[in-house]
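Read through the structure below, which is laid out as structure tokens, and then see the notes.
Protein chains: 2
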Amino acid sequence: MKMEDHSFLKSETIENVSQIFKVLSDPTRIKILYLLSQEECNVNHIAEVLEMSQSAVSHQLSMLRNLRLVKYRREGKTLFYSCDDEHVISLLKQAIDHSEHH
Amino acid sequence: MKMEDHSFLKSETIENVSQIFKVLSDPTRIKILYLLSQEECNVNHIAEVLEMSQSAVSHQLSMLRNLRLVKYRREGKTLFYSCDDEHVISLLKQAIDHSEHH
DNA sequence: CATACATATGAACATATGCTCATATATAGT
DNA sequence: ACTATATATGAGCATATGTTCATATGTATG
Chain D
1 MKMEDHSFLK SETIENVSQI FKVLSDPTRI KILYLLSQEE CNVNHIAEVL EMSQSAVSHQ
61 LSMLRNLRLV KYRREGKTLF YSCDDEHVIS LLKQAIDHSE HH
Chain G
1 MKMEDHSFLK SETIENVSQI FKVLSDPTRI KILYLLSQEE CNVNHIAEVL EMSQSAVSHQ
61 LSMLRNLRLV KYRREGKTLF YSCDDEHVIS LLKQAIDHSE HH
């Protein structure tokens with residue numbers, strides 16, 4: 001195929017796509033997102049269920065928040081996190097399905 | 001939600017899924033896979049089109065080969081690479097579509 | 001078999017990543 | 001205001017990752 005016949009991706013697209021997949025490439029974040037896809041959770045609950053430190057969970061939530069993959073609401077001292085990007089959850093679930101059926 | 005009511009992922013599933021996404025999280029590999037999804041390419045062609053060194057391309061192809069995301073056939077001195085995992089290409093294209101339409 | 005060409009591979013290096021530890025901030029109750 | 005609880009954040013550290021450079025391997029041809 002000749003150079004000019006290629007369909008090239010815009011560098012902005014490539015950056016966006018790699019960022020989406022980078023988020024999903026870490027086991028910890030997969031567990032957090034999968035958990036949040038099932039129920040709204042506060043931070044300590046996530047830490048307990050996933051057997052992680054509060055700090056580690058909070059750092060990851062900070063990242064997920066910045067990328068707008070999760071949102072939260074406050075109730076007193078407690079923050080309840082939930083998923084905020086259905087498309088990313090869809091990619092995750094597809095990969096899970098594919099992995100489980102092969 | 002109580003602990004016993006959660007649907008947990010098997011650690012094997014988590015590892016598989018994170019590995020799929022890890023492959024797709026690097027801009028270079030995205031470009032290579034997207035290129036190979038359009039046409040079968042030899043190594044030097046990939047290097048030229050993507051403006052990368054032959055060595056860098058070869059290292060990445062080695063990884064993609066080990067994960068069985070690409071395959072190749074030999075023709076003389078030349079190796080022609082192509083995609084060998086439609087599901088991964090599907091995930092990639094979905095993420096591209098999503099990125100381009102937002 | 002010597003040479004040229006295509007590709008692969010190992011070592012080294014710089015950067016990125018995810019965790020822990022310590023501490024800061026925010027909110028509620030006394 | 002003091003204390004307890006929930007969460008966030010910064011620094012430091014160990015490991016992982018992607019590239020380059022040099023060199024090796026494999027294949028065709030004179």
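From first to last, the protein sequence lines are chains D and G.
Reminder that position 11 of the first sequence reads as 11 in UniProt numbering, one-by-one numbering, no gaps.
Reminder that position 85 of the second sequence reads as 85 in UniProt numbering, one-by-one numbering, no gaps.
Heads up, the beta-carbon is just placed ideally off N, CA and C, and yes, glycines get one too.
Does the beta-carbon distance from residue i to residue j come in below 8 angstroms?
i, j, result
"residue 7(D)", "residue 27(G)", "no"
"residue 36(D)", "residue 72(D)", "no"
"residue 21(G)", "residue 33(D)", "no"
"residue 77(G)", "residue 50(G)", "no"
"residue 43(D)", "residue 54(D)", "yes"
"residue 58(G)", "residue 13(D)", "no"
Which chain D residues sit within Cβ distance under 7 angstroms of residue i?
i, result
"residue 22(G)", "25"
"residue 34(G)", "9"
Taking the alpha carbon of residue i as the point to measure from, which residue in the options has its own alpha carbon closest?
i, options, result
"residue 79(G)", "85(G), 65(G) and 11(G)", "65(G)"
"residue 74(D)", "60(D), 40(D), 12(D) and 31(D)", "40(D)"
"residue 16(D)", "60(D), 98(D) and 67(D)", "67(D)"
"residue 56(G)", "38(G), 12(G), 29(G) and 70(G)", "29(G)"
"residue 102(D)", "101(G), 85(G) and 100(G)", "85(G)"
"residue 38(G)", "14(G), 83(G) and 98(G)", "83(G)"
For residue i, which residues in chain D fall below 8 angstroms Cβ to Cβ?
i, result
"residue 13(G)", "96, 99 and 100"
Which residues in chain G sit within 7 angstroms of residue i, going by Cβ to Cβ distance?
i, result
"residue 30(D)", "14, 17 and 18"
Taking C-beta pairs closer than 9 angstroms, name the residues in chain D that residue i reaches, listed in chain order.
i, result
"residue 91(G)", "21, 91, 94, 95 and 98"
Does the region 90-98 of chain G come close enough to the region 81-99 of chain D to have 3 or more Cβ pairs within less than 8 angstroms? yes
Short of 7 angstroms Cβ to Cβ, which residues in the region 36-66 of chain D face chain G? 38, 39 and 49
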